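Please read the structure below before turning to the comments.
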Amino acid sequence: MKKLAVATLILASVSNVVFAQSLNEKLAKTEVSHLQLLANNMNMFMLTKMESMKEKSQSNGEEFVNEFFKAHIDQENNLVFNAYYSAPVASLSKDKCQEKLSSDIEGLSGESGVRAFQTISYFQLSSSEVSDILESAKYSVTIIAKENNELKISCSK
Numbered sequence: 099m100k101k102l103a104v105a106t107l108i109l110a111s112v113s114n115v116v117f118a119q120s121l122n123e124k125l126a127k128t129e130v131s132h133l134q135l136l137a138n139n140m141n142m143f144m145l146t147k148m149e150s151m152k153e154k155s156q157s158n159g160e161e162f163v164n165e166f167f168k169a170h171i172d173q174e175n176n177l178v179f180n181a182y183y184s185a186p187v188a189s190l191s192k193d194k195c196q197e198k199l200s201s202d203i204e205g206l207s208g209e210s211g212v213r214a215f216q217t218i219s220y221f222q223l224s225s226s227e228v229s230d231i232l233e234s235a236k237y238s239v240t241i242i243a244k245e246n247n248e249l250k251i252s253c254s255k
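Whatever position you read off the sequence shown (first residue = 1), add 98 for the numbering used here.
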């Protein structure tokens with residue numbers, strides 16, 4: 099009985115090692131584009147900034163509180179930015195959503211946004227190259243009601 103248990107453990111550990119090696123090989127051979135790296139780096143950058151942005155918006159009594167940010171690449175190889183905010187239910191309107199979207203686009207496309215992208219890029223991108231990337235990007239904002247997180251509104255460009 100002990101030999102059967104030991105043999106089972108050995109077989110299980112060998113199969114895990116083989117699976118891990120094949121997964122590592124698969125991951126090592128996966129190509130990653132610079133856009134995917136930019137999206138990943140932007141997510142990491144925003145993760146480090148999000149808590150302080152949330153605290154700042156709360157302490158300043160701002161209507162919209164930063165909750166979450168995600169960047170990714172869509173099927174057409176466009177950079178996509180999704181920003182999530184919480185706000186009082188009275189602030190959930192198409193007009194307020196469009197205002198927040200415009201504000202976010204201006205912030206990312208402005209001088210500080212361009213510099214941030216140049217910092218997180220693995221290539222020496224010029225300001226005009228970053229501006230081109232940001233101009234072709236897609237943006238979306240979702241505002242979630244503080245009182246009921248099932249109430250939300252989204253808008254995009």
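Yeah, the Cβ is synthetic: ideal placement off N, Cα and C, and Gly gets one too. Keep in mind the model is a prediction, meaning the values are calculated, not measured.
Any beta-carbon of chain D closer than 8 Å to the one on ASN176?
-> No chain D appears in this structure, which consists of one protein chain only.
Using DSSP bridges, identify the partner residues of HIS170.
-> According to DSSP, which records beta bridges pairwise, HIS170 is partnered with VAL178.
Who are the near neighbours of ASN175 in its chain, counting only those whose CB is closer than 7 Å to its CB and skipping five residues on each side?
-> Correct list, in chain order: LEU133.
Closest residue to GLN173 among GLY211, SER210, LYS236 and TYR182 (Cα-Cα distance) = For the residues GLY211, SER210, LYS236 and TYR182, the minimum Cα distance to GLN173 belongs to LYS236.
List the residues that DSSP assigns as beta-bridge partners of ILE251.
-> In DSSP, ILE251 forms a bridge with ILE241.
Which of helix, strand or coil does DSSP assign to SER184?
-> Of the three classes helix, strand and coil, the one that applies to SER184 here is strand, per DSSP.
Considering only residues of the same chain and omitting the five flanking positions on each side of SER184, which have a CB-CB separation below 7 Å?
-> If we look at SER184 and ignore the five residues flanking it on each side, its Cβ neighbours are VAL163, GLU165, ILE242 and LYS244.
Report yes if the CB atom of ALA137 is closer than 8 Å to the CB atom of ALA181, and no otherwise.
-> In this structure, ALA137 keeps its C-beta atom at 8 Å or more from the C-beta atom of ALA181.
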